[in-house]
Amino acid sequence: MNFGIVRTVVAKELRETLRDRRTLIIMLVVPIFLYPALLIVVEQLALFGQRQLEEAPASVVAQGAGAEALAILRSDSSLIVATGREATPEAVLRGEMDLLLRFDAPGGPEQPRRVELFYDGSRDRSLRARALVAARLDEFADTLLARRLSVRGLPGSFAEPLTVADSSVASAERLGGYALGRFLPMILILMTLLGAFYPAIDLSAGEKERATLETLLTTPVPAREIVAGKFITVTVIALCAAILNLASMLLTFQFAAFQFGGAIDIQFSLPASTILLVVLFLVPLAVLFAAIFLGMALRTQSFKEAQNTLTPVQLASMIPMMLPLIPGIPFSYAVAVVPIGGVALLFRELMSGSAPMGPSLLALGTTIMYAALALRFAASSFGREDVLFGTGAADASASRRKLGERLADWRRGGRTLPRPAESLAFVAVVALLYFYLGITIQIRAGEVGLLVSQVVLLALPALAFAFAGPFDARSTLALRIPSSAGVGAALLVILGGIPVGWFLAWVQGFFLEIPAEFLTALEELVRAESTGELLWLFLLVAVTPAICEELVFRGALLQGLRNGMTMSRAVLLSSAVFGAFHLSTETVIRFLPSAWLGLLLAIVAWRTRSIFPAMMMHMVNNGIIIAFVAWPALGERVVSPDGEPFWPLIPIGILLLLVGVRALPRPDPFE
Amino acid sequence: MIVFDSLTKRYGEVAAVDRLTLQVGRGEVYALLGANGAGKTTALRCLATLLVPSSGSTAVDGYDSSAAPLEVRRRLGFLSASMGLYARLTPREVLEYFGALQGMAQAALSSRVEELLSRFEIDAFADRLCGTLSTGQRQRVSIARAIVHDPPALVLDEPTLGLDVLSGETIHTFVAESRERGRAVLFSTHTMSEVELLADRVGIIAGGRLVAEGSIAEILAQGDDVSLSRAFLKIVRGTA
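So the sequences go chain by chain: A and B.
Sequential numbering of the first sequence, starting at 19, is according to my numbering.
Sequential numbering of the second sequence, starting at -5, is according to my numbering.
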C-alpha cells in the first residue's frame, strides 16, 4: 500500500467533499445550529402554550359541593366555579366546561366523602382543570381530616403513621450522565451514520454518475489505494460530524441546565475520559458505516439509485440504535454483539459511569470485526468492471421495459436452477408472508392454523416457485431419490447432531435467558393426553415442518445458492436464514439451535443432492421432542430440567456426526 | 507502441470485440472507425485496463494490459467524450491531482502544470471550479489532464463528440502536435472529415471485428468509392 497515494486521494476527496453543500449541512450546520435552535423553539413553544392555558381560567361546575368546598375551590383564581345542577359529563366532552365535580351527599361527620371528577383526557385545558381542582380537593381533604382529629383530641401527626423521606444518592453529574445515556447514544450514532451517508454515495455512485471514476481508474494507482482513500475520507467526515454533534449537544444541554438554574438538580456534563472513550468507540462504528455505505453505493450506477439502495439499510440501522431508549435492557454479553446496538448500550453505560469491562471489550471487538468484514465487502467491489460499468446495455434496456414484459422474459429464460438472488428474494417474501399472515392464522385457528400456515404459506409457494419459474422444478427442489448409503449417513448425522445441539443450547443458556412465556407456549403446544393427540402432535410438529420447511430452505433456497456459491458459503448462509426464520418477537433463543439444525440439513442436502434425507432428519429431530413429551422420564434422563445435557451423549454425538459426514457421498458426482 | 493481439471481449453469449488485431507505431495516428455498438469503446477500454479481455491481449510499449496494468496506465493518456471532470475542483487542482497519482515529483509537477495551463490557454480560468466552465474549456482541461504525465501513447475515444467547431479544432491541433512529438495516437470517431484530416491509417470495425485496415487511399480502394463515408458504408454493409 502506497500511503503517499492514499494521502493524496484523501486530501483531494476531503477538499471536494467540503465544497459539497449537502455534506456541509449535515456536518456543520446541523450540529452548530440545530440543537440550540431546537432548544429555543421548544422552550418558546412550551412557554407560549403554558401562557395560553394560564391566561384563560378553567371553567368548572361543582355539583353537591358544600359551602366550605366551594370556598376552597373558588380561592384559586385560575378556576371559575359554577354550581349548575343540569351539567352532565357529555357537556365536558362537548367543551362547554373543562371539568365537572360531583360530590355525594355528606353522611355522618366521620363518614368518608366521595367526589367524582369528569374531565376530557384528550384536551389540555380539561387536564389542567383536573390538576388545579385535585390540588384544591387535597386542601379540602386536609381541612376535613384536621377537623376530625381535633374533635377526637388527636394530634395532626396521628394521621401520619409513617413518613417516607427518600433522596437519590446519585450526584448531579451522575443523574445527567444517566439522562444523557438514554438518548445521546442514538443521536450520536445516527449523526455518525448520516455523516457517512452522503459522502459515501458522492464518492462512489456520484463519481460514476459524473463519469470521473473512469478517469480515476486510468491512473497507475491500484484500486485498493483509491478505495482506502475514499474510505478514510468518509470515516473522517462521519467522525467529525459525530464529534461536532456531541460537543454541540453537551453545550446546549449545559446551557439549558444553567437557564433552569437550581430548579433541577442535574448536570449535563461528561468527564473528559468518558468523552474520549465515546469518541474512541465511535471510530470502528464510523468505519463500519463508511465501509457498508461505500461498498453498497459502489454497486449502484447513480446517486439516486444509491440513495434508494442505502435508505433501507439506514432505516434498519436505526432499530438497534434505539436499544438504550428501552428501559431495563442490561448491557450483557449477548447484546454486546448486536451490531450497532452493542455500542449504543456501551455508550449508555459509559455515560452512566459504570461500563462493565467484559461486554465493553466484546462490543468493541465485534464492531471491529463487523467493520473489517464491511471493509472487505467495499474493497471487493472496487475495480470490478461489472460494478464500474454495470452489467451491460442489455440490462439497462431491460429495466425500461414494463414489469409484465420483464416477467415474461424471465420465464422464457430456461435454466436448471434459480440464481442465488432469486432464491433469497423468494425466501424473503415467504418469510414476510409467514410472519404477517401465518401468525394471524395461528392466533385465529390454533393448531390447525399452524398446519394450514405451513402448507399454504411454505410448501405451496415453494412448489409454485419451482414449477412456475423458468427452472427445472425437480432440480430446484432437489426431488431426487437418494442412495441408501446417503440415507444411512444422514441418519448418523442427525443422531449425532442432536446431542451437540443440546449442548449448544445449554451453553447459550448462560448468556440468554429463556422467557417464561416462551416455555409456557411450548408446553401448551406439545401437550398430549391420548394416543390420538400424540399422533396429531407428531403430524403437526414433526411431519408438516419436515416437508414444508425443507421444500423452502433445503429446496428452493439451498439449490438456488448452489447455483453460484461454494458449498461452505451456501450452507452457512442457508442455515443463518433458517435460524432467522425461527426468531420470534419474544426471544432470540431459537436462532442458534435452528441454525445448527439448518447447518446439518444443508450439508446433507448438498452432498446427497436430495431433499428427502433432510426431510427425514427434520422429522427425527422434531419427533424426539414428541417422544420426550410422551415419555417424560426419558427426556429428563438425556436433558435435565435446567437444560444440562447427559454428558456421555456429547462425545458419542460428535463421533456419530463425524462418521456420518464422512460417509456422505463425496465428491459430489453431480458437480 | 500500441498492440491489439486477437482481443476478444464477451458479455455472456455476445462478443462485443471479436479477435481484434492491430498495431499503432510511434508518431502514427490511427483512426478506429465504426458505427455505434461496433465495439470501439470496449476495445479501447480493454487497452486502458478498464475491462478485462475474455481472450487475446493488448499492450502498450511492450507492457501487457492484463499482466502489467499499472505500467500500461503510466504510458497511456486516455481521453473519452464520456469522461468527466471533478466539478468541485479547479483545473489547476485537477492537473495537480492526476500528476500526483501518476507519481510525479512535486517540483516537476508544478512546472508541468504551469506549462499545460499555458499551452491549452487555461490560465484565465485555472482557479475557477470545473463545474462552472463551458464545454470547450472543460475539454481543454481534459486534454491537459490526459497528458499531464507526458505519455508516449494516447487513446482518444470520440474526443470531439458534442464539441463545437472551435473546440474540435483544439483537439485536431493537439493530435497533430502529438504525432510530431512521436506519440502513438489511437482515436475512435464517427466523423469522416476528422479521419481524412488526421489519420495516417484507418481501421474499420463492425460487429466487434476489424473488417478493413489501411491508409485512406487503401480504404477508398477497398470500398471502391472516392468518398470515405460511402466507402465506409459499403465495407460495413459488406457490399464493397
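Just so it is clear, CB atoms sit at the ideal spot from N, CA and C, and this is done for glycine as well.
Small disclaimer: the values here were computed from a predicted structure and weren't measured.
Simplified DSSP assignment, three categories, for residue i
i, result
"residue 228 of chain B", "helix"
"residue 666 of chain A", "coil"
"residue 388 of chain A", "helix"
"residue 117 of chain B", "helix"
"residue 607 of chain A", "coil"
"residue 592 of chain A", "helix"
"residue 220 of chain B", "coil"
"residue 80 of chain A", "strand"
"residue 220 of chain A", "helix"
"residue -3 of chain B", "strand"
"residue 98 of chain A", "strand"
"residue 411 of chain A", "Bear in mind that a pLDDT of 38 at residue 411 of chain A, under 50, signals an unreliable position, so the number given afterwards is only what the model happens to contain. Helix at residue 411 of chain A."
"residue 228 of chain A", "coil"
"residue 690 of chain A", "Nothing about residue 690 of chain A can be reported from this structure: the residues present for chain A run from 19 to 689 only."
"residue 179 of chain B", "strand"
"residue 25 of chain B", "strand"
"residue 119 of chain A", "strand"
"residue 136 of chain A", "strand"
"residue 196 of chain A", "helix"
"residue 12 of chain A", "Coverage of chain A is limited to positions 19 through 689, which leaves residue 12 of chain A absent and any answer about it impossible."
"residue 417 of chain A", "Since pLDDT at residue 417 of chain A reaches only 46, below the 50 mark, its modelled position is unreliable, and the value read off the structure follows with that caveat. Here residue 417 of chain A sits in helix by DSSP."
Residue i: first and last residue of the uninterrupted alpha helix (DSSP H) it sits in
i, result
"residue 486 of chain A", "478 to 486"
"residue 160 of chain A", "142 to 169"
"residue 643 of chain A", "630 to 648"
"residue 133 of chain B", "129 to 140"
"residue 147 of chain B", "Taken as a continuous stretch (DSSP letters only), residue 147 of chain B belongs to no alpha helix (DSSP H), being part of the beta strand (DSSP E) at 147 to 151."
"residue 88 of chain B", "85 to 95"
"residue 563 of chain A", "562 to 568"
"residue 28 of chain A", "21 to 36"
"residue 326 of chain A", "321 to 339"
C-alpha gap between residue i and residue j, whole angstroms
i, j, result
"residue 261 of chain A", "residue 388 of chain A", "22 Å"
"residue 31 of chain B", "residue 47 of chain B", "17 Å"
"residue 85 of chain A", "residue 187 of chain A", "46 Å"
"residue 101 of chain A", "residue 366 of chain A", "54 Å"
"residue 97 of chain B", "residue 22 of chain A", "9 Å"
"residue 182 of chain A", "residue 253 of chain A", "53 Å"
"residue 497 of chain A", "residue 566 of chain A", "13 Å"
"residue 537 of chain A", "residue 381 of chain A", "29 Å"
"residue 25 of chain A", "residue 379 of chain A", "31 Å"
"residue 398 of chain A", "residue 330 of chain A", "22 Å"
"residue 32 of chain A", "residue 251 of chain A", "6 Å"
"residue 568 of chain A", "residue 508 of chain A", "14 Å"
"residue 386 of chain A", "residue 521 of chain A", "29 Å"
"residue 416 of chain A", "residue 44 of chain A", "With a pLDDT of only 45 at residue 416 of chain A, under the threshold of 50, the placement of this residue in the model should not be trusted, and no figure is reported."
N- and C-terminal bounds of the beta strand (DSSP E) containing residue i
i, result
"residue 129 of chain A", "Looking at the DSSP string, residue 129 of chain A is not in any beta strand (DSSP E), and its letter there is neither H nor E."
"residue 207 of chain B", "203 to 208"
"residue 17 of chain B", "8 to 18"
"residue 694 of chain A", "Missing from the structure shown is residue 694 of chain A; chain A here goes from 19 to 689 and no further."
"residue 197 of chain B", "195 to 200"
"residue 54 of chain B", "49 to 54"
"residue 74 of chain B", "70 to 74"
contact_flag[the region 314 to 325 of chain A, the region 211 to 221 of chain A] where n(CB pairs < 8 Å) is 3 or more = yes
request  = For the region 73 to 106 of chain B, enumerate the residues whose C-beta is nearer than 8 Å to any C-beta of chain A, in chain order.
outcome  = 74, 76, 77, 78, 79, 80, 81, 82, 83, 87, 91, 92, 94, 95, 96, 97
task = Evaluate contact between the region 113 to 129 of chain A and the region 75 to 86 of chain A, counting only Cβ atoms and requiring at least three cross-stretch pairs below 8 Å.
result = yes
ask   = Three or more C-beta pairs closer than 8 Å, one from the region 574 to 581 of chain A and one from the region 549 to 559 of chain A: is that the case here?
value = no
ask   = Counting Cβ pairs, one atom from each stretch, are 3 or more of them under 8 Å apart for the region 57 to 75 of chain A and the region 120 to 138 of chain A?
value = no
ask   = Counting Cβ pairs, one atom from each stretch, are 3 or more of them under 8 Å apart for the region 223 to 235 of chain A and the region 312 to 319 of chain A?
value = yes
Chain-ordered residues of the region 220 to 232 of chain A with a beta carbon less than 8 Å from chain B = 228, 229, 230, 232
task = Pull out every residue of the region 4 to 34 of chain B whose Cβ sits closer than 9 Å to any Cβ of chain A, in chain order.
result = 5, 6, 8, 10, 31
ask   = Can you list, in chain order, the residues of the region 247 to 275 of chain A whose Cβ is nearer than 7 Å to any Cβ on chain B?
value = none
query = Taking one C-beta from the region 61 to 72 of chain A and one from the region 288 to 303 of chain A each time, how about it: are there three or more such pairs within less than 8 Å?
reply = no
ask   = Would the region 9 to 19 of chain B and the region 176 to 196 of chain B be scored as touching if the rule is three or more Cβ pairs under 8 Å?
value = yes
ask   = If we count Cβ pairs, one from each stretch, closer than 8 Å, do we get three or more for the region 586 to 595 of chain A versus the region 669 to 683 of chain A?
value = no
ask   = For the region 329 to 345 of chain A against the region 199 to 210 of chain A, are there 3 or more C-beta pairs whose distance is under 8 Å?
value = yes
query = Which of the residues in the region 180 to 206 of chain B, read from start to end, lie with their CB under 7 Å from any CB of chain A?
reply = none
query = Do the region 474 to 493 of chain A and the region 435 to 443 of chain A touch if we need at least three Cβ pairs shorter than 8 Å?
reply = yes
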